[in-house]
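Asker: Take a look at the following structure, please.
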Amino acid sequence: MISLQGPAEGPSHLSAGPVSEDMFHWQATIMGPSDSPFTGGLFLVNIHFPLDYPFKPAKVSFRTKVFHPNINSNSSICLDILKEQWSPALTISKVLLSICSLPTDPNPNDPLVPEIAHMYKTDWAKYEPTACET
Numbered sequence: 001m002i003s004l005q006g007p008a009e010g011p012s013h014l015s016a017g018p019v020s021e022d023m024f025h026w027q028a029t030i031m032g033p034s035d036s037p038f039t040g041g042l043f044l045v046n047i048h049f050p051l052d053y054p055f056k057p058a059k060v061s062f063r064t065k066v067f068h069p070n071i072n073s074n075s076s077i078c079l080d081i082l083k084e085q086w087s088p089a090l091t092i093s094k095v096l097l098s099i100c101s102l103p104t105d106p107n108p109n110d111p112l113v114p115e116i117a118h119m120y121k122t123d124w125a126k127y128e129p130t131a132c133e134t
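Per UniProt numbering, residue 1 is the first one in the sequence shown, and the count goes up by one each step.
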């Protein structure tokens, strides 16, 4: 089990480790950052490592529903380091810290859900309570 303290995230943190004895399937638990609409939330994340890891990125998805421009209803995550910017030098800790930064630093200019990105950019008063509800 690894436990990390995210940079500049105050009390927000995460922990991750293998599910049972399967070293290729991990689960992470992320607490919502206090400076985001996800304050107090507890988010579960599935991590599946391919056999050729670290040469291919892990498949990472949320088990918890999240209202976010970079996370779709299938729990897929739009994060460049999980796709075209992957490098074998990236550790799972760095990947998880990047995922932890999504609630406070979404990328609405490269959204997985354009409607949510539009709301985030143009109607924060509606986005924030909607994100809090999920």
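Just so you know, even glycine gets a beta-carbon here, dropped at the ideal spot from N, CA and C.
If you're wondering where the values come from, they're calculated on a predicted model, not measured in any experiment.
Measure the C-alpha to C-alpha separation of C78 and A125 and round it to an integer number of angstroms.
Answerer: Position 78 of the sequence shown, counted from the first residue, corresponds to residue 78. Position 125 of the sequence shown, counted from the first residue, corresponds to residue 125. Roughly 24 angstroms separates the two Cα atoms.
Asker: Which of helix, strand or coil does DSSP assign to W86?
Answerer: Sequence index remark: in the sequence shown, residue 86 carries index 86 (1-based). W86 falls in the coil class under three-state DSSP.
Asker: Could you check what DSSP says for K56 in three-state terms: helix, strand or coil?
Answerer: By one-based count along the sequence shown, residue 56 stands at place 56. Coil, per DSSP.
Asker: Do M31 and G17 have their C-beta atoms within less than 9 angstroms of each other?
Answerer: Residue numbering aside, residue 31 sits at position 31 when the sequence shown is read from its first letter. Residue numbering aside, residue 17 sits at position 17 when the sequence shown is read from its first letter. No; because the gap between Cβ atoms is not below 9 angstroms, this pair is not in contact.
Asker: In angstroms with no decimal places, state the Cα-to-Cα distance between M133 and S76.
Answerer: Indexing the sequence shown from 1 puts residue 133 at position 133. Indexing the sequence shown from 1 puts residue 76 at position 76. Looking at the sequence shown, residue 133 is not Met but Glu. Distance between the alpha carbons of E133 and S76: 19 angstroms.
Asker: Less than 9 angstroms between the C-beta atoms of P57 and V19, yes or no?
Answerer: In the sequence shown, counting from the first residue as 1, residue 57 sits at position 57. In the sequence shown, counting from the first residue as 1, residue 19 sits at position 19. For P57 and V19, no; Cβs fall outside 9 angstroms.
Asker: Taking the DSSP output, what are the residues bridged to I77?
Answerer: What you label residue 77 is simply residue 77 of the sequence shown in a count that begins at 1. I77 pairs with I71.
Asker: By how many angstroms is the C-alpha of T29 removed from the C-alpha of N109?
Answerer: Here residue 109 corresponds to residue number 109 of the sequence shown, with the count starting at 1. Here residue 29 corresponds to residue number 29 of the sequence shown, with the count starting at 1. The straight-line gap from Cα to Cα measures roughly 27 angstroms.
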